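These notes are about the structure you will find just below.
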Ligand code: NDP
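In the working numbering, the protein residues as written are 1134 to 1426.
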């Protein structure tokens, strides 16, 4: 069997197109363009790249962006003070504090300072907490997990009653995606670094989400034939045959697993593009919510 390829790039482009249309409609109705504020603390190169691409994506969708930078030496009070200013700014509908924050800053307190209604990254403890509660809905769901759920939706797989295995239990991917799968009535197993029989557990999965950050860890013989495999990992591996000297691979050994799975996301071009698309969608939702819709 050769798996269907789940095309995250094309799906993300559709989401972004829909966001741009929504923004155009809002503006045509005389409403202001939605606004997203980004807060970048310190000089982490990867964070700078992520924030730049988020700002660029906003521009393309008609969302106004407000980029704020603070030095790595910024105090807790300065970061929280900036967040509070943005909470009070009516042009700002969504606030994104790029993580991780430099050492010495209390991430949870910063996230807690964000107005719940502007928490477009979905990391406010109340939004995350609601994900874990039956019958409660978060105002915003974190962007990578919601992108994963969106991609699962495009495969047509019935999540209700499905065996789902999530590899990884991080706050930003593994745990929230596991909670979302439970909300979709899947039976969910969460694996982590202390799980004893990883291949045996993974083999039970109708749906596998791999978010461990270990290059090509999931092998072909770990996967149940026909399973839907979502590979979140982004890992650099050396490749002297390429000019830049490395290539990106996922947490899943794509060449082996695509021969067994029913559907699989590639890396790159799978989950990655969905993250920014969902951030834009959350920002428009925030703007509509704040306008009373
Ligand atoms: P973290 O490092 O925060 O979490 C990794 C998780 O995997 C932990 O729960 C850890 O277990 C578990 N783990 C690590 N090694 C093993 C192992 N050998 N066996 C079993 N479990 C293991 O990573 P993130 O969740 O932040 O990211 C995961 C991957 O997803 C990374 O490659 C990252 O680059 C990528 N990513 C991609 C995004 C996208 O937009 N496509 C967005 C965010 C992340 P324990 O808890 O026990 O330590």
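We put the beta carbon where it would ideally sit given N, CA and C, even for glycine.
Please read all numbers here as calculations on a predicted model, not as lab measurements.
Going straight from the alpha carbon of residue i to that of residue j, what length do you get?
{"i": "residue 1248", "j": "residue 1349", "result": "39 angstroms"}
{"i": "residue 1172", "j": "residue 1236", "result": "16 angstroms"}
{"i": "residue 1148", "j": "residue 1228", "result": "20 angstroms"}
{"i": "residue 1220", "j": "residue 1330", "result": "46 angstroms"}
{"i": "residue 1240", "j": "residue 1353", "result": "38 angstroms"}
{"i": "residue 1262", "j": "residue 1200", "result": "28 angstroms"}
{"i": "residue 1181", "j": "residue 1174", "result": "9 angstroms"}
{"i": "residue 1319", "j": "residue 1341", "result": "11 angstroms"}
{"i": "residue 1413", "j": "residue 1164", "result": "17 angstroms"}
{"i": "residue 1426", "j": "residue 1419", "result": "10 angstroms"}
{"i": "residue 1388", "j": "residue 1295", "result": "25 angstroms"}
{"i": "residue 1282", "j": "residue 1289", "result": "11 angstroms"}
{"i": "residue 1400", "j": "residue 1291", "result": "24 angstroms"}
{"i": "residue 1213", "j": "residue 1421", "result": "25 angstroms"}
{"i": "residue 1205", "j": "residue 1185", "result": "18 angstroms"}
{"i": "residue 1301", "j": "residue 1177", "result": "24 angstroms"}
{"i": "residue 1303", "j": "residue 1375", "result": "32 angstroms"}
For residue i, which option in the options has the closest C-alpha, if you only look at C-alpha atoms?
{"i": "residue 1365", "options": "1168, 1224, 1252 and 1402", "result": "1402"}
{"i": "residue 1142", "options": "1411, 1422 and 1407", "result": "1407"}
{"i": "residue 1150", "options": "1165, 1195 and 1178", "result": "1195"}
{"i": "residue 1225", "options": "1166, 1339, 1306 and 1400", "result": "1166"}
{"i": "residue 1416", "options": "1251, 1287 and 1345", "result": "1251"}
{"i": "residue 1398", "options": "1254, 1346, 1255 and 1361", "result": "1361"}
{"i": "residue 1265", "options": "1351, 1312 and 1369", "result": "1312"}
{"i": "residue 1140", "options": "1286, 1204 and 1419", "result": "1286"}
{"i": "residue 1278", "options": "1332, 1308, 1345 and 1387", "result": "1308"}
{"i": "residue 1255", "options": "1271, 1246 and 1267", "result": "1271"}
{"i": "residue 1136", "options": "1246, 1185, 1396 and 1419", "result": "1396"}
{"i": "residue 1424", "options": "1159, 1347 and 1257", "result": "1159"}
{"i": "residue 1385", "options": "1374, 1346, 1376 and 1375", "result": "1346"}
{"i": "residue 1230", "options": "1222, 1294 and 1203", "result": "1203"}
{"i": "residue 1209", "options": "1257, 1179, 1253 and 1245", "result": "1245"}
{"i": "residue 1390", "options": "1421, 1375, 1336 and 1367", "result": "1336"}
{"i": "residue 1179", "options": "1367, 1421 and 1375", "result": "1367"}
{"i": "residue 1276", "options": "1259, 1300 and 1305", "result": "1305"}
Within a Cβ cutoff of 8 angstroms, which residues of the same chain sit near residue i, ignoring the five residues on either side of it in sequence?
{"i": "residue 1198", "result": "1168, 1169, 1170, 1171, 1187, 1188, 1191 and 1192"}
{"i": "residue 1332", "result": "1352, 1354 and 1355"}
{"i": "residue 1105", "result": "Within the shown structure, residues of the chain are numbered from 1134 to 1426, placing residue 1105 beyond reach of any answer."}
In chain order, what residues of the same chain lie with their CB nearer than 7 angstroms to the CB of residue i, ignoring the 5 residues before and after it?
{"i": "residue 1334", "result": "1298, 1322, 1324 and 1328"}
{"i": "residue 1393", "result": "1134, 1353, 1356 and 1358"}
{"i": "residue 1234", "result": "1174, 1240 and 1243"}
{"i": "residue 1370", "result": "1348, 1379, 1380 and 1382"}
{"i": "residue 1155", "result": "1417"}
{"i": "residue 1183", "result": "1231"}
Beta-carbon within less than 6 angstroms of residue i's beta-carbon, same chain only, minus the 5 sequence neighbours each way: which residues are those?
{"i": "residue 1372", "result": "1379 and 1380"}
{"i": "residue 1145", "result": "1406, 1407 and 1410"}
{"i": "residue 1207", "result": "1174"}
Taking 6 angstroms as the cut-off, is the C-beta of residue i nearer than that to any heavy atom in the ligand FAD?
{"i": "residue 1404", "result": "As presented, the structure is devoid of the ligand FAD, carrying the ligand NDP as its sole ligands."}
Next item on the list: Would you list, in sequence order, the uninterrupted alpha helix (DSSP H) runs of no fewer than 4 residues that lie entirely inside the segment 1192–1252?
Entry: 1209–1221 and 1240–1246
Next item on the list: Taking only runs that begin and end inside the segment 1262–1345, name each unbroken beta strand (DSSP E) of 3 or more residues, in chain order.
Entry: 1296–1300, 1320–1324 and 1340–1343
Margin query: Going residue by residue through the segment 1347–1418, where are the continuous beta strand (DSSP E) segments of at least 3 residues, counting only ones entirely within it?
Written below: 1361–1364, 1368–1371 and 1379–1382
Notebook entry, point to check: In chain order, which continuous runs of the alpha helix (DSSP H) of length 4 or greater are located wholly inside the segment 1139–1188?
Noted result: 1141–1161
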